[in-house]
Amino acid sequence: MKATWLDYVLSTLVITLLLVLSVGVVAAAVPLTRQWCGDYHVLVDLFLGLLSYGVLTAVLLRVMLRIRPMVPGRHADNSAGFTYWKLLTVTYRLGQGALRPFVPVFLQPLVEVLYGCRMGADVALGGVIDDPYMVSVGDGTALGTASMVCGSYIADGVLTCGPVRIGRQVTVGPNVVIFPGAEIGDGAVLMVGAYVMPGTKVPPGETWRGNPARKWVQPAGKAGIATD
Numbered sequence: 616m617k618a619t620w621l622d623y624v625l626s627t628l629v630i631t632l633l634l635v636l637s638v639g640v641v642a643a644a645v646p647l648t649r650q651w652c653g654d655y656h657v658l659v660d661l662f663l664g665l666l667s668y669g670v671l672t673a674v675l676l677r678v679m680l681r682i683r684p685m686v687p688g689r690h691a692d693n694s695a696g697f698t699y700w701k702l703l704t705v706t707y708r709l710g711q712g713a714l715r716p717f718v719p720v721f722l723q724p725l726v727e728v729l730y731g732c733r734m735g736a737d738v739a740l741g742g743v744i745d746d747p748y749m750v751s752v753g754d755g756t757a758l759g760t761a762s763m764v765c766g767s768y769i770a771d772g773v774l775t776c777g778p779v780r781i782g783r784q785v786t787v788g789p790n791v792v793i794f795p796g797a798e799i800g801d802g803a804v805l806m807v808g809a810y811v812m813p814g815t816k817v818p819p820g821e822t823w824r825g826n827p828a829r830k831w832v833q834p835a836g837k838a839g840i841a842t843d
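Quick note on the working numbering: the sequence shown kicks off at 616 and runs consecutively.
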């Protein structure tokens, strides 16, 4: 993936806008922080600036996606869709980085929701969600340590993006990777290290494993076997 002059211009404009707004929030709050925190107000102002930047980034991202949603499909490296995706990615990753000091692991699902992920109740998130605005996760699902849910990937200079739907009560094991277009049915289990390839549909209640992931069958009293 190569960056063009347009990428730098658009990213600079967006980051500058967010910084100006964040500084404005901090400046407006300085009289209060100085009064309440005394000599420590500078530290409080710094954290307020980071928090403001993260929240304002989420607001801007949602406005951008409301005006122009990211279109699923394939986008060449010189296309408007690819350029727009790069701008969205820079925007939300910097925003999430600004919020990181405030977010313990059990609040991470709230951050993903803030940036557009459709997430149910009681979700345990131990991994990473890329392109959260492309991802939906059902109630009670657990995403294991170092798992990755990808709303996009790049191969041979072409961006492919698409929605990822993960149902209710799904168990996603550690180091699992789920690619764009995948659908995981309710109650399914993805075992450690499974790679769910683009467009794969895992039926409800099934257990899948491997790279690429395939259904795992374990007859009573016998070792499990993988099936095509």
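The beta-carbon is built from N, C-alpha and C at its ideal position, and this holds for glycine as well.
Residue i - DSSP class collapsed to helix/strand/coil
i	result
arginine 683	coil
alanine 673	helix
valine 787	strand
lysine 701	helix
tyrosine 668	helix
aspartate 660	helix
threonine 822	strand
alanine 761	coil
methionine 734	strand
glycine 688	strand
valine 792	strand
valine 807	coil
Neighbourhood of residue i by C-beta, 7 Å cutoff - its chain only, sequence neighbours within 5 removed
i	result
proline 687	Cys776, Gly777, Pro778
leucine 621	Thr698
leucine 633	Tyr668, Leu671, Thr672, Leu675
Cα-Cα separation, residue i to residue j
i	j	result
glycine 755	arginine 783	6 Å
leucine 829	aspartate 801	Position check: residue 829 holds arginine in this sequence, whereas leucine was assumed. Spanning the two alpha carbons is a distance of roughly 17 Å.
glycine 825	aspartate 660	49 Å
leucine 729	phenylalanine 662	19 Å
glycine 669	proline 684	21 Å
leucine 703	isoleucine 793	20 Å
glutamine 711	aspartate 745	11 Å
proline 646	alanine 618	42 Å
threonine 786	valine 674	31 Å
cysteine 732	proline 747	5 Å
arginine 780	alanine 736	15 Å
tyrosine 768	valine 705	15 Å
serine 667	glutamine 833	51 Å
threonine 627	valine 750	27 Å
alanine 642	glycine 664	9 Å
leucine 725	glutamine 650	31 Å
isoleucine 564	glycine 753	Examination of residue 564 is not possible in this model, given that the chain is present from 616 through 843 alone.
glycine 576	leucine 680	The structure shown does not extend to residue 576, since the chain is modelled only from 616 through 843, so no value can be given for it.
Residue range of the unbroken alpha helix (DSSP H) whose run includes residue i
i	result
serine 767	Unbroken run through serine 767 is the beta strand (DSSP E), 767 to 770; no alpha helix (DSSP H).
alanine 642	620 to 652
valine 773	Element bounds for valine 773: not the alpha helix (DSSP H) but the beta strand (DSSP E), 773 to 776.
valine 726	723 to 729
Own chain partners of residue i with C-beta closer than 6 Å, once the 5 adjacent residues on each side are dropped
i	result
aspartate 692	Gly772
alanine 770	none
leucine 636	Leu671
proline 813	Phe794, Pro795, Gly796
glycine 820	Gly802
histidine 690	Gly696, Phe697, Leu774
leucine 625	Leu702
Sequence-distant residues of its chain with Cβ nearer than 8 Å to residue i (five each side left out)
i	result
glycine 741	Val720, Ala757, Leu758, Gly759, Thr760, Ala761, Ser762, Pro789
valine 811	Val791, Val792, Ile793, Phe794, Ala797, Ile799, Leu805, Val817, Trp823, Pro827, Ala828
valine 807	Gly759, Gly788, Pro789, Asn790, Val791, Arg824
alanine 809	Gly788, Val791, Val792, Trp823, Arg824, Gly825, Asn826, Ala828
glutamine 723	Leu740
First through last residue of the beta strand (DSSP E) which encompasses residue i
i	result
lysine 830	829 to 832
serine 694	Unbroken run through serine 694: none, as it is neither H nor E.
arginine 715	Run containing arginine 715: none; DSSP gives neither H nor E here.
valine 743	743 to 745
valine 752	750 to 752
Notebook entry, point to check: Touching or not, the segment 640 to 658 and the segment 707 to 716, by the rule of three or more beta carbon pairs under 8 Å?
Noted result: no
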